[in-house]
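Reading through the structure tokens given below for one structure.
2 protein chains.
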Amino acid sequence: MDQKLPTIKEIAKRLNISVSTVSRALHNHPRIGLRTKMQVQKLAEELHYEPNTLAISFKQKKWFTIGVILPELNEQFFSQAISGIEDVATAQNYTVLIGQSHDSMERERMLVEAFRKHRVDGIVLSMAKNTDDYQHLEVLDKYNIPLVYFDRIPKGGQALSVSSNIRSGAEQAVRYLLEKGHKRIALLKGPDSLIASAQRQEGYTSALKQHGLQLDPDLIKEIDLSPEGTRAALTQLLALPQRPTAILCFNDYVCFDAIQAARQAKIRINKDISFVSFANLPICNFLDVPPLASVEQHPYRQGQLAAEMLLDIVEKRKTITDIKPVILDTELRIF
Amino acid sequence: MDQKLPTIKEIAKRLNISVSTVSRALHNHPRIGLRTKMQVQKLAEELHYEPNTLAISFKQKKWFTIGVILPELNEQFFSQAISGIEDVATAQNYTVLIGQSHDSMERERMLVEAFRKHRVDGIVLSMAKNTDDYQHLEVLDKYNIPLVYFDRIPKGGQALSVSSNIRSGAEQAVRYLLEKGHKRIALLKGPDSLIASAQRQEGYTSALKQHGLQLDPDLIKEIDLSPEGTRAALTQLLALPQRPTAILCFNDYVCFDAIQAARQAKIRINKDISFVSFANLPICNFLDVPPLASVEQHPYRQGQLAAEMLLDIVEKRKTITDIKPVILDTELRIF
DNA sequence: CTGTTAGCGCCTTCAA
DNA sequence: TTGAAGGCGCTAACAG
Numbered sequence: 005m006d007q008k009l010p011t012i013k014e015i016a017k018r019l020n021i022s023v024s025t026v027s028r029a030l031h032n033h034p035r036i037g038l039r040t041k042m043q044v045q046k047l048a049e050e051l052h053y054e055p056n057t058l059a060i061s062f063k064q065k066k067w068f069t070i071g072v073i074l075p076e077l078n079e080q081f082f083s084q085a086i087s088g089i090e091d092v093a094t095a096q097n098y099t100v101l102i103g104q105s106h107d108s109m110e111r112e113r114m115l116v117e118a119f120r121k122h123r124v125d126g127i128v129l130s131m132a133k134n135t136d137d138y139q140h141l142e143v144l145d146k147y148n149i150p151l152v153y154f155d156r157i158p159k160g161g162q163a164l165s166v167s168s169n170i171r172s173g174a175e176q177a178v179r180y181l182l183e184k185g186h187k188r189i190a191l192l193k194g195p196d197s198l199i200a201s202a203q204r205q206e207g208y209t210s211a212l213k214q215h216g217l218q219l220d221p222d223l224i225k226e227i228d229l230s231p232e233g234t235r236a237a238l239t240q241l242l243a244l245p246q247r248p249t250a251i252l253c254f255n256d257y258v259c260f261d262a263i264q265a266a267r268q269a270k271i272r273i274n275k276d277i278s279f280v281s282f283a284n285l286p287i288c289n290f291l292d293v294p295p296l297a298s299v300e301q302h303p304y305r306q307g308q309l310a311a312e313m314l315l316d317i318v319e320k321r322k323t324i325t326d327i328k329p330v331i332l333d334t335e336l337r338i339f
Numbered sequence: 005m006d007q008k009l010p011t012i013k014e015i016a017k018r019l020n021i022s023v024s025t026v027s028r029a030l031h032n033h034p035r036i037g038l039r040t041k042m043q044v045q046k047l048a049e050e051l052h053y054e055p056n057t058l059a060i061s062f063k064q065k066k067w068f069t070i071g072v073i074l075p076e077l078n079e080q081f082f083s084q085a086i087s088g089i090e091d092v093a094t095a096q097n098y099t100v101l102i103g104q105s106h107d108s109m110e111r112e113r114m115l116v117e118a119f120r121k122h123r124v125d126g127i128v129l130s131m132a133k134n135t136d137d138y139q140h141l142e143v144l145d146k147y148n149i150p151l152v153y154f155d156r157i158p159k160g161g162q163a164l165s166v167s168s169n170i171r172s173g174a175e176q177a178v179r180y181l182l183e184k185g186h187k188r189i190a191l192l193k194g195p196d197s198l199i200a201s202a203q204r205q206e207g208y209t210s211a212l213k214q215h216g217l218q219l220d221p222d223l224i225k226e227i228d229l230s231p232e233g234t235r236a237a238l239t240q241l242l243a244l245p246q247r248p249t250a251i252l253c254f255n256d257y258v259c260f261d262a263i264q265a266a267r268q269a270k271i272r273i274n275k276d277i278s279f280v281s282f283a284n285l286p287i288c289n290f291l292d293v294p295p296l297a298s299v300e301q302h303p304y305r306q307g308q309l310a311a312e313m314l315l316d317i318v319e320k321r322k323t324i325t326d327i328k329p330v331i332l333d334t335e336l337r338i339f
């Protein structure tokens with residue numbers, strides 16, 4: 005029964021020395037006798053001594069844990085991002101607390117509260133799609149808990165954040181379609197609360213303009229990312245007097261929904277209407293008719309960078325003013 | 005600057021009472037005057053007092069955190085399970101630490117160590133596919149850290165575990181194929197280290213026997229779950245003098261790989277060869293040619309049950325001897 | 001009803 | 001080079 009784990013006190017008692025000596029020996033403190041040091045370390049070894057992280061955390065007011073809040077682990081984009089975060093955190097001896105907001109601002113708020121109460125050293129967050137009020141996030145400032153946003157970042161852009169260049173991604177995607185001869189390209193953009201929605205539209209508009217094409221507002225649909233919303237938008241697009249011949253979707257999931265709806269309307273995918281989307285998820289490889297192309301947003305890398313940024317601050321290697329938002333380049337993956 | 009968070013000491017000082025009184029007031033302890041209680045609670049409110057979880061954890065040798073170790077968050081089966089675990093844990097005021105083994109026993113061992121050092125109250129684990137040695141897991145016993153297995157459980161079955169009835173799931177699936185008239189049904193079973201591989205084979209064998217069919221060993225392939233392994237197995241099956249007309253795959257991912265390989269060999273999916281698999285993942289809904297059917301293993305429910313089981317022990321509502329392994333019924337989802 | 005005290009495990013002065 | 005003492009924030013005897 006290892007019930008009672010050995011403490012430095014225990015070691016001290018057995019060796020008839022003081023706890024502080026033991027503490028120093030264990031930390032390779034300079035001012036300590038070699039003999040005592042060896043003795044202590046030997047006994048510590050034998051007893052399988054392990055420092056009580058809880059006590060250390062308590063003492064240092066720091067518990068080597070970061071919190072991650074994201075919309076949905078079920079979405080591969082985020083599960084890949086988590087891997088990046090986890091790898092970086094683990095390498096720096098931090099552990100990762102995870103919470104899903106399920107795209108609800110209310111849950112997001114609760115998670116932030118919970119993590120704050122648990123005194124995490126910092127938080128990495130990707131916003132819920134409807135988060136339009138940042139109060140619950142700004143609170144963290146007061147408590148000196150650093151917050152790094154990734155992918156779904158707030159408007160304004162002043163904050164610590166890692167994201168990908170959605171604007172140029174959209175531009176790449178639309179240009180690709182234009183080069184394939186498409187003239188009527190629709191855009192399924194996301195909700196206004198996501199900055200990435202406007203960015204998609206910017207890239208879209210700019211690419212069209214460069215090709216000297218007129219913007220048709222009927223071809224731009226704001227969707228809420230739900231399957232129903234996507235289906236409704238698609239119905240509207242198909243009802244247009246002049247149907248689009250290509251659709252740029254907010255992300256792969258939206259694209260899957262859209263493709264499904266289109267198929268039900270007897271549209272031949274990537275023939276009658278071509279689909280292009282964002283995210284480039286692994287599951288695209290399993291589809292027999294994937295989108296023509298998908299904008300790679302490097303979720304794993306984003307996760308890594310966000311975690312590194314956060315830990316740089318937590319560990320005081322950098323201050324907030326040293327840091328500029330990171331915007332990753334996207335790449336168009338053609339299937 | 006809320007830099008310094010208020011402590012009960014602070015409250016005590018301001019009110020000129022003792023810390024223990026404050027503590028009691030905050031905990032609605034019976035033996036305390038209503039007036040003082042109100043006073044304390046009012047001031048606590050004003051100062052935005054919040055108990056220091058770290059101090060409480062330290063004091064009580066318990067930090068209200070459970071660790072979850074699973075192979076791969078990217079797999080929807082596991083991300084759904086996590087949701088179940090998270091929901092139960094949150095409801096009971098626990099937080100969740102997550103680690104991915106990426107199906108490596110070595111990483112699994114490291115995560116167990118890390119979690120143990122961080123003094124989690126308990127662990128929920130789904131084994132890496134190659135874990136064939138349980139030493140790193142048995143260690144937890146000595147430290148009195150309860151461990152609940154889910155889905156990928158160890159051989160022997162004595163342990164605390166939640167899993168689904170793979171044997172009967174396989175039987176259902178094979179029976180379904182037999183009723184569709186298939187006579188040559190192949191099985192892509194997983195590695196021997198997973199108990200679920202043998203269980204699949206048992207169900208498979210039993211269903212065939214019930215239909216008075218002979219077992220053809222050539223039709224059973226052990227695969228390592230990698231895309232390459234699956235592809236190789238499929239090649240072998242296609243090279244048989246008498247090809248199978250249906251294949252039961254270890255899980256949906258294996259099934260996707262198999263379908264891809266088959267398609268490259270010009271097999272018409274679900275016509276020349278029918279596919280059936282395990283897991284019933286959400287992404288199946290996006291495939292235009294999904295497997296004919298998939299055995300639903302209720303990952304979310306498994307996660308919930310595993311977390312409940314663990315917390316029952318952690319909170320001492322039950323002892324280990326009270327608990328029997330849970331085996332969930334599967335259902336065949338027909339597409 | 002309330003205050004005093006001790007202690008959780010560790011680190012960090014301050015003294016010796 | 002070592003020891004003694006104090007304290008992190010909180011809880012829980014034990015006394016009044």
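Residue numbers (this note's numbering), protein chains in the order written: chain R, 5 to 339; chain F, 5 to 339.
Every residue gets a Cβ at the ideal spot worked out from N, C-alpha and C, and that includes glycine.
In this text the structure is predicted, and so the values were computed from the model without any measurement.
**Report entry** Coarse secondary structure for D96/F, derived from DSSP in three states
**Finding:** Taking the first residue of the second sequence as 1, we reach residue 96/F at position 92. The displayed chain sequence assigns Gln, not Asp, to residue 96/F. Q96/F falls in the coil class under three-state DSSP.
**Report entry** Residue burial classification, M42/F (beta-carbon count within 10 angstroms, cutoff 16)
**Finding:** For the purposes of this step, residue 42/F is taken as the residue at position 38 of the second sequence. It counts as exposed.
Query raised in the report: If you draw a straight line from the C-alpha of T69/R to the C-alpha of S61/F, how long is it?
Result: Along the first sequence, read from residue 1 onward, the residue named residue 69/R stands at position 65. Along the second sequence, read from residue 1 onward, the residue named residue 61/F stands at position 57. Their Cα atoms are separated by approximately 14 Å.
Query raised in the report: Counting Cβ pairs, one atom from each stretch, are 3 or more of them under 8 Å apart for the stretch 130-149 of chain R and the stretch 179-189 of chain R?
Result: no
Query - Residue from E206/F, A85/F and K133/F whose Cα sits closest to the Cα of V100/F - result: Along the second sequence, read from residue 1 onward, the residue named residue 100/F stands at position 96. Nearest C-alpha to V100/F: A85/F.
Query raised in the report: Would DSSP call D6/R helix, strand or coil?
Result: As a position in the first sequence, residue 6/R is number 2, starting the count at 1. Confidence at D6/R is low in this model, with a pLDDT of 40, below 50, so its placement is unreliable and the value that follows should be read with caution. Residue state, collapsed to three classes: coil.
Query - Cut-off 8 Å between Cβ atoms - residues of its own chain near I263/F, not counting five sequence neighbours on either side - result: Position 259 of the second sequence, counted from the start, is the residue given in the question as residue 263/F. Cβ neighbours of I263/F beyond the five flanking positions: I273, F279, V293 and P295.
Requested in this report: Give the straight-line distance between the Cα atoms of I327/F and D256/F, rounded to the nearest whole angstrom.
Outcome: Start at 1 with the first residue of the second sequence, and residue 327/F comes out as number 323. Start at 1 with the first residue of the second sequence, and residue 256/F comes out as number 252. Taking the straight line from one Cα to the other gives about 31 Å.
Query raised in the report: Going by DSSP, what residues sit across from L336/F in a beta bridge?
Result: Residue 336/F sits at position 332 when you count from the first residue of the second sequence. DSSP output for L336/F lists V299/F as bridge partner(s).
Report task. Give, in chain order, every unbroken run of the alpha helix (DSSP H) that is at least 4 residues long and sits entirely within the stretch 37-119 of chain F. Result -> Those alpha helix (DSSP H) runs which fall completely within the stretch 37-119 of chain F and span 4+ residues are 38-51, 57-64 and 80-95.
**Report entry** Selection from G207/R, L192/R, L285/R and Q306/R that minimises the alpha carbon distance to T239/R
**Finding:** For the purposes of this step, residue 239/R is identified with residue 235 of the first sequence, where counting begins at 1. Nearest option by C-alpha distance: L192/R.
Query - Every unbroken beta strand (DSSP E) within the stretch 143-171 of chain R, with a cutoff of 3 residues, ordered by chain - result: Here the runs fully enclosed are 151-154 and 165-168.
Requested in this report: Using a Cβ cut-off of 7 Å (strictly closer), state whether H122/F contacts chain R.
Outcome: Here residue 122/F is taken as the residue at index 118 of the second sequence, counted from 1. At least one chain R Cβ lies under 7 Å of H122/F.
Query raised in the report: Of all Cβ atoms in chain F, is any one closer than 7 Å to the Cβ of K275/R?
Result: Position 271 of the first sequence holds residue 275/R. False, the Cβ-Cβ gap to chain F never drops below 7 Å.
Requested in this report: Measure the C-alpha to C-alpha separation of K121/R and E54/F and round it to an integer number of angstroms.
Outcome: Residue mapping note: residue 121/R aligns to position 117 of the first sequence, counting from 1. Residue mapping note: residue 54/F aligns to position 50 of the second sequence, counting from 1. Whole-angstrom Cα-Cα distance: 7 Å.
Query raised in the report: Skipping 5 residues on each side, what residues in its chain have a beta carbon closer than 6 Å to that of Y208/R?
Result: Position 204 of the first sequence, counted from the first residue, corresponds to residue 208/R. So the qualifying residues of the chain are A174, V178 and L191.
Report task. Below 7 Å between beta carbons is the criterion; list the residues of the stretch 78-99 of chain F that meet it against any residue of chain R, in chain order. Result -> N78, Q80, S83, Q84, I86, S87, E90 and T99
Query raised in the report: Straight-line CA distance for V44/R to I12/R?
Result: Residue mapping note: residue 44/R aligns to position 40 of the first sequence, counting from 1. Residue mapping note: residue 12/R aligns to position 8 of the first sequence, counting from 1. When rounded, the distance between both Cα atoms is 9 Å.
Requested in this report: Find the residues of chain F that neighbour I287/R, judging by a C-beta separation of less than 7 Å, and give them in chain order.
Outcome: Here the question's residue 287/R lines up with position 283 in the first sequence. Within chain F, the residues near I287/R are I287.
Query raised in the report: When you check each C-beta in the stretch 104-120 of chain F against every C-beta of chain R, which residues fall closer than 7 Å?
Result: Q104 and A118
Report task. List the residues of chain R whose Cβ lies closer than 8 Å to the Cβ of R267/F, in chain order. Result -> Locating residue 267/F in the second sequence gives position 263, where the first residue counts as 1. What R267/F touches in chain R: D292.
Requested in this report: Using only alpha-carbon positions, find the residue among P248/F, C253/F, P286/F and L291/F that is nearest to D276/F.
Outcome: On the second sequence, residue 276/F is found 272 positions in, with the first residue counted as 1. Closest by alpha carbon: P248/F.
Query - Coarse secondary structure for A132/R, derived from DSSP in three states - result: Position 128 of the first sequence, counting from 1, holds the residue named residue 132/R. Coil, per DSSP.
Query raised in the report: Between which two residues does the beta strand (DSSP E) harbouring L191/F extend?
Result: In the second sequence, counting from the first residue as 1, residue 191/F sits at position 187. That run of the beta strand (DSSP E) goes I189 to K193.
Query raised in the report: Would DSSP call E319/R helix, strand or coil?
Result: On the first sequence, residue 319/R is found 315 positions in, with the first residue counted as 1. Looking at E319/R - three-state DSSP - the assignment turns out to be coil, as it is neither helix nor strand.
Report task. In the DSSP assignment, find the unbroken alpha helix (DSSP H) run with F260/R in it and report its ends. Result -> Sequence index remark: in the first sequence, residue 260/R carries index 256 (1-based). D256 to Q268 is the extent of the alpha helix (DSSP H) around F260/R.
Query - Identified DSSP bridge partners for V330/R - result: Translated into positions along the first sequence, residue 330/R becomes position 326. According to DSSP, V330/R bridges with V166/R.
Requested in this report: Using a cut-off of 8 Å between C-beta atoms, extract the partners of A59/R located in chain F.
Outcome: The count along the first sequence starts at 1 and reaches residue 59/R at position 55. Under the 8 Å cutoff, chain F gives F62.
Query raised in the report: What is the rounded straight-line gap between the Cα of L244/R and the Cα of A265/R?
Result: To locate residue 244/R, count along the first sequence from 1; it is residue 240. To locate residue 265/R, count along the first sequence from 1; it is residue 261. Rounded to the nearest angstrom, the two C-alpha atoms are 16 Å apart.
Query raised in the report: Taking Cβ positions, are F127/R and L151/R nearer each other than 7 Å?
Result: Here residue 127/R is taken as the residue at index 123 of the first sequence, counted from 1. Here residue 151/R is taken as the residue at index 147 of the first sequence, counted from 1. Position check: residue 127/R holds Ile in this sequence, whereas Phe was assumed. In this structure, L151/R lies closer than 7 Å to I127/R by Cβ.
**Report entry** Chain-order list of residues whose beta-carbon lies under 7 Å from that of V23/R (same chain, five-residue window excluded)
**Finding:** Along the first sequence, one-based indexing puts residue 23/R at 19. Result list for V23/R: I12, K13 and A16, in chain order.
Query raised in the report: Can you list the beta strand (DSSP E) stretches of 3 or more residues lying completely in the stretch 173-228 of chain F, in chain order?
Result: 189-193 and 224-226
**Report entry** 6 Å Cβ shell around I338/R - same chain, five flanking residues per side excluded
**Finding:** Along the first sequence, read from residue 1 onward, the residue named residue 338/R stands at position 334. Cβ neighbours of I338/R beyond the five flanking positions: A297.
Query - Which of helix, strand or coil DSSP assigns to V23/R - result: What you label residue 23/R is simply residue 19 of the first sequence in a count that begins at 1. If DSSP states are grouped into helix, strand and coil, V23/R belongs with the helices.
Query raised in the report: Is it right to say A269/F is buried, meaning 16 or more other beta carbons lie within 10 angstroms of its own, or is it exposed?
Result: As a first step, residue 269/F must be located in the second sequence, where it is residue number 265. So A269/F ends up on the exposed side.
Requested in this report: Starting from the C-beta of R111/F, find all residues in its chain whose C-beta is less than 6 Å away, skip the five residues before and the five after it, and write them out in chain order.
Outcome: Working through the second sequence from its first residue, we reach residue 111/F at position 107. Around R111/F: S105.
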